[in-house]
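Last residue of the sequence shown? That's 786 in the numbering used here, and every number before it is there in order.
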Amino acid sequence: MANNSVSSTNSANPAIFEKIFHLTAKNTSVRTELLAGLTTFISLAYILFVNPNILSAAGIPKEAAVAATIFTAAITTALMGIVANYPVALAPSMGLNAFFTFYVVGTLHLPWQVALGAVFISGVFFFILTLGGIRQAIIRAVPINLKKAIGVGIGLFISFIGLKGTGIIIADKATYLTLGHVTEPTVLLSIFGLLLTGGLMARGVRGSILIGIFAVTIISMALGLSPVPHSIGDVMSLSFPSVGETFWAFDLKGAWEFGIFSIVFTFTVVELFDNIGTLIGLTTKAGMVNKNGDIENIDKALTIDSIGTMLSAIFGTSTVGSYIESASGIAEGGRTGLTAVTVSLLFIVSLVFAPLIGLVPAFATSPSLIIVGLLMMSSIGDINFSDFDEALPAFLTIIMMPMTSSIANGFAFGFVSYTIMKIIKGKFSDISIIMWIVSIAFLINLGLRG
């Protein structure tokens, strides 16, 4: 009976959406996709404020950084939705923006224009690797046990981010982490949001993540813990930020003359495996990976990613990448590119309503990340822990992501340990040529960073 109801709902989807996104084939609807897109956008809207703040420390004009962040995210996310039909949002990557600002510009004292030149060069490398099928071959070469571990590791990483954002866990000099001040109003509100969202999901309520975010935001306003809009001027901007100061300002000649092999290599390796790891985790959760581990439309998705990296440099921001927060929209039922297109349109709308986005506090969105992490942990039961040469690489992949705050680091330890364990056990046939090459590349990258 329920299946007939779903089919009936899906059959009402407009023809244009069916043609572009194949909603019925994905067993979804326009309403579900729009809701998923809104959920994803709210979960990652913090990037609109965090990224410009980081880039401004590199000397990039803040207004231009805001515009570059929005336009790059909107264009690349729309392309990911329309071309690859993925429910995945893209935006400037956290981590790489810090590397861009605090190491390339701050430590090496390079102009931000030269740093953008390095980003563009890495995008060209991505594009060549994608056209040559190398990135796709790398994904296919990832052992199935590591693929499953990647999704679990990302889930643990997301939950870790959520726990920090709620204040449930805090830094501690003696133990690195400890329990936060759980009696503080904002922490109590976050715990309320977590339990409310979890309870709604247990009852099968659609949009439960979004309801939880809105409920915490409204209560926080009522208690005076977050700002309340008093007029239309508080929630709307009358002027659009401009990219005029950063558009096409990247310095290719300066980047080339500096001989920044290590910088380009770091940009390339970190973005390559951060994005591959994120896409594997997200597409697995969205049911886009078949029993052989092949991901549908991965060629198109990787091409968009490489184009997005070049667009990042053109508009004036650090490297763009797929966002793990897309998992929140996938958890709400997002299965097609219509989810991504919705996110893209909301990025454009944010040019006008940027102050309204700022009214949603981090402690309101963080509980949703904990829930999403839980959902992504579900495949841990499918990982082979009985053979130690399979178990150790899988475990290191999982644990190193949250412990180092990097998906790429989890990849690195997983790949290298897998290769070494197979060598020790004498299973050389289990190590593909690509596994050899990638493991060596990770060792070089770790050496350059260490």
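Idealized CB from N, CA, C, for every residue including glycine.
Own chain residues within Cβ distance below 7 Å of residue i, not counting five before or after
i	result
Gly665	Ala372, Gly373, Thr375, Thr376, Pro423 and Thr675
Ser343	Here the model assigns Ser343 a pLDDT of 48, short of 50, so the residue's position is not dependable, and the following value carries that caveat. Hits under 7 Å: none found.
Thr437	Ile390, Leu391, Ala393 and Ala394
Asn349	Leu359, Thr360, Ser365 and Val366
Thr412	Leu426, Ile640, Gly644, Leu647 and Val656
Ser578	Glu399, Ala400 and Ala403
Asn433	Asn387, Ile390, Leu391 and Ser654
8 Å contact criterion, which residue i and residue j should meet: CB distance rounded
i	j	result
Ile767	Lys758	5 Å
Met771	Val488	So it is not a contact: roughly 20 Å between Cβ atoms.
Ile406	Leu384	7 Å
Leu618	Thr408	About 19 Å separates the two Cβ atoms, so there is no contact after all.
Ala401	Asn387	7 Å
Ile497	Leu705	5 Å
Phe609	Phe747	4 Å
Ile418	Ile352	Actually they are not in contact, since the Cβ atoms of Ile418 and Ile352 sit about 12 Å apart, beyond 8 Å.
Leu370	Thr701	Contact flag wrong, Cβ pair sits at about 19 Å.
Straight-line Cα distance separating residue j from residue i
i	j	result
Ala425	Met737	20 Å
Gly459	Glu399	24 Å
Thr522	Leu559	10 Å
Phe463	Thr755	27 Å
Val606	Arg671	27 Å
Leu492	Gly590	40 Å
Ile474	Gly644	20 Å
Leu536	Ile769	48 Å
Tyr382	Phe699	11 Å
Lys509	Asn421	46 Å
Val564	Met557	6 Å
Leu687	Gly717	43 Å
Phe601	Phe583	24 Å
Ile650	Glu581	11 Å
Ala477	Ile773	11 Å
Phe550	Leu531	14 Å
Asp587	Leu732	39 Å
Thr614	Ile734	13 Å
Lys790	Asn611	With the chain covering 337 to 786 only, the question about residue 790 has no answer from this structure.
Ile555	Leu546	14 Å
Lys763	Phe576	59 Å
Gly540	Gly534	10 Å
Ala622	Phe689	30 Å
Ile396	Thr511	37 Å
Ile599	Ala454	7 Å
Gly652	Gly783	29 Å
Ala538	Leu728	34 Å
Nearest to residue i (by Cα), restricted to the options the options
i	options	result
Ser642	Glu593, Met416, Ile554 and Ile352	Met416
Thr502	Leu782, Gly491 and Leu515	Leu515
Ala414	Ile640, Phe731, Gly498 and Asn363	Ile640
Ala393	His445, Ile352 and Thr368	His445
Val518	Leu536, Leu499 and Thr511	Leu499
Ile616	Pro479, Gly580 and Gly469	Pro479
Phe751	Ala485, Leu380, Ile631 and Ser429	Ala485
Asp562	Lys627, Leu467, Val696 and Thr614	According to the sequence provided, residue 562 is Ser. The question's Asp does not apply to it. Of the candidates Lys627, Leu467, Val696 and Thr614, the one whose C-alpha sits nearest the C-alpha of Ser562 is Val696.
Ala777	Leu370, Asn745, Phe576 and Pro428	Asn745
Arg542	Leu531, Glu668 and Phe456	Glu668
Thr368	Leu482, Ser544, Ala454 and Asn481	Ser544
Asp723	Thr511, Ala748, Asn481 and Ala649	Asn481
Ser654	Asn720, Ala585 and Ile719	Ala585
Ile660	Ala403, Ile743 and Tyr439	Ile743
Phe456	Pro577, Thr733 and Trp592	Trp592
Asn781	Pro577, Ile735, Phe461 and Phe749	Phe749
Gly468	Lys636, Phe721 and Gly431	Lys636
Gly431	Val685, Lys763 and Ser658	Ser658
Ser715	Lys483, Ser765 and Asp630	Lys483
Neighbourhood of residue i by C-beta distance below 6 Å, restricted to the same chain and skipping five residues each side
i	result
Leu465	Arg471
Gly529	Gly548, Val552 and Pro703
Val277	It is not possible to answer for residue 277, since the shown part of the chain is limited to 337 through 786.
Leu638	Thr466 and Arg471
Leu682	Phe377
Val708	Ile494, Ala663, Ser664 and Ala667
Glu632	Met624
Asn340	Interpretation of Asn340 is limited by its pLDDT of 48, a score under 50 that renders its predicted location unreliable; no figure is taken from the coordinates.
Cut-off 8 Å between Cβ atoms - residues of its own chain near residue i, not counting five sequence neighbours on either side
i	result
Glu354	Thr360
Ile504	Leu515, Gly516, Val518, Val523, Ser526 and Ile527
Leu513	Ile505, Ile506 and Ala507
Leu779	Val752
Thr740	Gly746
Ile684	Ile406 and Ala410
8 Å Cβ cutoff, residue i in contact with chain B
i	result
Ser704	Among the chains of the structure shown, chain B does not appear; only one protein chain is present.
At 3 residues or longer, what runs of the beta strand (DSSP E) sit wholly inside the stretch 483-515? Segments of the beta strand (DSSP E) lying fully in the stretch 483-515: 505-508 and 512-515.
What are the uninterrupted segments assigned as alpha helix (DSSP H) that are 4 or more residues long and contained completely in the stretch 613-682, given in chain order? 634-651 and 662-667
Considering only residues of the stretch 372-450, which uninterrupted alpha helix (DSSP H) runs meet the minimum length of 4 residues and lie entirely inside it, listed in chain order? 383-392 and 398-419
Give the list of continuous alpha helix (DSSP H) stretches no shorter than 4 residues that lie fully inside the stretch 532-568. Within the stretch 532-568, the complete alpha helix (DSSP H) runs of at least 4 residues are 544-558.
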